[in-house]
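First the structure, in the form of structure tokens, and then the observations on it.
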Amino acid sequence: AGMAGSGLEDGAMCIWRFKSGVIAQSHEGFTTKFAGTGFEVHGSEGSLFANNVMTQKPVGSVLLRTGAGEEELSFDREDLYTRSLRQFHAAIRDEGRPSATGEDGVWSLAAAEAALQSAKSGKAVTIDPKLGSAA
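Numbered by the working numbering, the letters in the sequence shown go through residues 7 to 141 in order.
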């Protein structure tokens, strides 16, 4: 059970296979106090490494590694909650969209449910591709 309360899952490792052939893996562990955040994207032309970029603090780094070498990329660093609230308020005024839409929430819930079903059954679970088409 780790640091989570009794009966709560405190981590998940998933492999996602997309219709395009792209394969992604993810690890979620929101109850690990001192873990870093980030993501990596790998392709035939290079790799992108984003470290500590998914936090409330405006920190982190993004590194692009290719056959030509490594390059640290610049990006606007901002508290993600501040950005999300600003975009949400703009959406309320019909001046933009929120950083996470209702449809994003539906897909997130479907992905979490599929991961839970897969963990229980030991089998891959397909998410209905028409799920978000109601919008």
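Heads up, the beta-carbon is just placed ideally off N, CA and C, and yes, glycines get one too.
Where does residue i fall in DSSP's three states?
i      : result
GLU119 : helix
SER12  : coil
THR107 : coil
PHE45  : strand
Name, in chain order, the residues that DSSP records as bridge partners for residue i.
i     : result
ARG83 : Paired residues: none, contrary to the question.
GLU51 : In the DSSP output, where bridge partners are listed per residue, GLU51 has none listed.
THR72 : GLY52, GLY75
Going straight from the alpha carbon of residue i to that of residue j, what length do you get?
i     : j     : result
HIS95 : GLY35 : 29 Å
ARG99 : ALA74 : 45 Å
Taking 8 Å as the threshold (C-beta atoms), are residue j and residue i in contact?
i      : j      : result
ASN57  : GLY49  : no
ILE133 : ALA116 : yes
PRO64  : GLU78  : no
Does residue i pass the burial test, meaning 16 or more other C-beta atoms within 10 Å, or should it be called exposed?
i      : result
ALA121 : buried
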